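Notes to accompany the following structure.
Protein chains: 2
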Amino acid sequence: MTLTPIQEKFILHWGEMGTRWGINRTVAQIHALLFIALKPLDAEEIAQTLSVARSNVSTSLKELQSWGIVRIVHVMGDRRDHFESMKDVWEMFEVVLTERKRREIDPTLAVLRDCVIEAEKAGPSEAHTKQRLSELLNFFETMSDWYEQVRRLPTQAMLKFVKLGGKVKKFFGFAG
Amino acid sequence: MTLTPIQEKFILHWGEMGTRWGINRTVAQIHALLFIALKPLDAEEIAQTLSVARSNVSTSLKELQSWGIVRIVHVMGDRRDHFESMKDVWEMFEVVLTERKRREIDPTLAVLRDCVIEAEKAGPSEAHTKQRLSELLNFFETMSDWYEQVRRLPTQAMLKFVKLGGKVKKFFGFAG
DNA sequence: CGATCATTTCAGTATAGACAGAAATAAACG
DNA sequence: CGTTTATTTCTGTCTATACTGAAATGATCG
Chain A
3 MTLTPIQEKF ILHWGEMGTR WGINRTVAQI HALLFIALKP LDAEEIAQTL SVARSNVSTS
63 LKELQSWGIV RIVHVMGDRR DHFESMKDVW EMFEVVLTER KRREIDPTLA VLRDCVIEAE
123 KAGPSEAHTK QRLSELLNFF ETMSDWYEQV RRLPTQAMLK FVKLGGKVKK FFGFAG
Chain B
3 MTLTPIQEKF ILHWGEMGTR WGINRTVAQI HALLFIALKP LDAEEIAQTL SVARSNVSTS
63 LKELQSWGIV RIVHVMGDRR DHFESMKDVW EMFEVVLTER KRREIDPTLA VLRDCVIEAE
123 KAGPSEAHTK QRLSELLNFF ETMSDWYEQV RRLPTQAMLK FVKLGGKVKK FFGFAG
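Residue numbers (the working numbering), protein chains in the order written: chain A, 3 to 178; chain B, 3 to 178.
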């Protein structure tokens, strides 16, 4: 598979963005490639197209599968694994957000709860720390609950909501 | 400033989380320290408390100031700079999200628009690429617009909204 | 069951980013 | 102004992670 200049531009940018989000550049590039690919690609094809080592592709694909946005498919008469990316953008971001929440927010919630409990036990000497961490915990819990609610919505409903745009403010005025 | 075990636990965890979000560990630790500090701290104090080089603290504080969540304050009769973190958690995250949007989403929007326009020019050969990137662009634009709307809401309104929790679904049913 | 092909694991290497310490700059004081 | 003190910049070092190529494992075929 040869990349057109446009495709290359997109893949390189996506890789760059990946690094900023704490995602390996190659992983992000492979994801970008699979996202725009016409059909599922095999690992060798990915390695050649992006000029990275075959083994590197293997590791990266594992990573993408662990995120749940890439899956293995098989082609009739070909024993190699082929890989394809989830194509529905909304669904894809829901999956990524949920996974990030699980990996990053949930552990933080646990630590904060722990700290607040211990600060409570420690008494007045930790009163200020307890106060600060409680506020942080409250924020995380609120956001976490909220996300659990909205993520369950079907894509269409979420889309409608977001598209409301300017009406959001009105709604708050009403609901508040 | 000596850290209690609770404070240390929180600071270390926050530093760890930082690395996952593409934020330097020391930067995140300093932010955590300032967040729970009773009063603004000077650079030397931060360096000693966290056992990092003075120069490293200097760079990290610049970074935190560029994010807009830490600022310099002065103490009467002391010529050293002192630093304090924003304390309102909601405001803090609004600032961070806005900055991330500016640094990461906006450039991506620009690249995607560019790619879609070029793909349009290129004709049928790029039809599929154009399709994929358009969907991605549409998603980013929708989310970007939505965020611009809600971020303007006063903290209180946003809080009420989030607290609605289960009612969100009802609302969508109604509005959709 | 051997041969071939595909995939993963592993060990060493390369590289980017974090960091320390020194040097340079800037600010405040007497 | 010179001196002291605070801050920043710079350069080299270190470390964590990405990455490669080779070896090992696993799967599918005749």
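Even for Gly, the Cβ is constructed at its ideal location relative to N, Cα and C.
On a predicted model such as this, the values are computed, not experimentally measured, just so you know.
- As computed with DSSP, D80(A) is found in no beta bridge at all.
- V72(B) places its beta carbon less than 8 angstroms from that of S87(B).
- Among the residues of the region 80-92 of chain A, those with a Cβ less than 7 angstroms away from any Cβ of chain B are V91 and W92, in the order of the chain.
- Counting only the Cα atoms, Q50(A) lies some 44 angstroms from V152(B).
- Among the residues of chain A, those whose CB is under 8 angstroms from the CB of A121(B) are I8, following chain order.
- The C-beta separation of L43(A) from H84(A) comes to about 6 angstroms, placing the pair in contact by the 8 angstroms criterion.
- Just so you know, the alpha carbons of L40(A) and V97(B) end up roughly 39 angstroms apart.
- In its chain, beyond the 5 residues on either side, D44 have a beta carbon closer than 7 angstroms to the beta carbon of R82(A).
- Taking a contact as a CB-CB distance under 8 angstroms, the pair V29(A) and L66(A) counts as one, their CB atoms being some 6 angstroms apart.
- Burial is judged here by how many other beta carbons sit within 10 angstroms of a residue's own beta carbon; R104(A) has fewer than 16 and is exposed.
- If you draw a straight line from the Cα of G79(B) to the Cα of T4(B), it comes to about 24 angstroms.
- Shown here for F12(A): same chain residues with a beta carbon closer than 8 angstroms to its own, the five before and five after excluded, namely A34 and I38 in chain order.
- For N140(A), the enclosing alpha helix (DSSP H) covers residues A129 to V152.
- For W23(A), the C-beta contacts it makes with chain B under 8 angstroms involve W23, G24 and E106, in order along the chain.
- Of all residues in the region 127-151 of chain A, those with a C-beta nearer than 8 angstroms to a C-beta of chain B are S127, E128, H130, T131, R134, L135, E137, L138, N140, F141, T144, M145, D147, W148 and Q151, reading in chain order.
- With 16 or more neighbouring CB atoms inside 10 Å of its own CB, T110(A) falls in the buried class.
- The continuous alpha helix (DSSP H) containing A124(A) extends over residues D108 to A124.
- Between R115(B) and V91(B), the alpha-carbon positions lie close to 34 angstroms from each other.
- L138(A) has its alpha-carbon roughly 15 angstroms from the corresponding atom of E128(A).
- Note on geometry: alpha-carbon atoms of P156(B) and L155(A) lie some 25 angstroms from one another.
- One alpha carbon belongs to W148(A), the other to K123(B), and they sit about 42 angstroms apart.
- Taking 8 angstroms as the upper bound on Cβ-Cβ separation, chain B lies near residues F37, I38 and L40 of the region 37-48 of chain A.
- Excluding sequence positions up to five before and after H76(A), its CB lies within less than 8 angstroms of the CB of D83 and H84, all in the same chain and listed in chain order.
- Taking 8 angstroms as the threshold, the shortest C-beta distance from H76(A) to chain B does not fall below it.
- Interface with chain A (8 angstroms Cβ-Cβ cutoff): A124(B) is included.
- Under the 8 angstroms criterion on CB atoms, H33(B) is classed as non-interfacial with respect to chain A.
- As computed with DSSP, F37(A) is found in no beta bridge at all.
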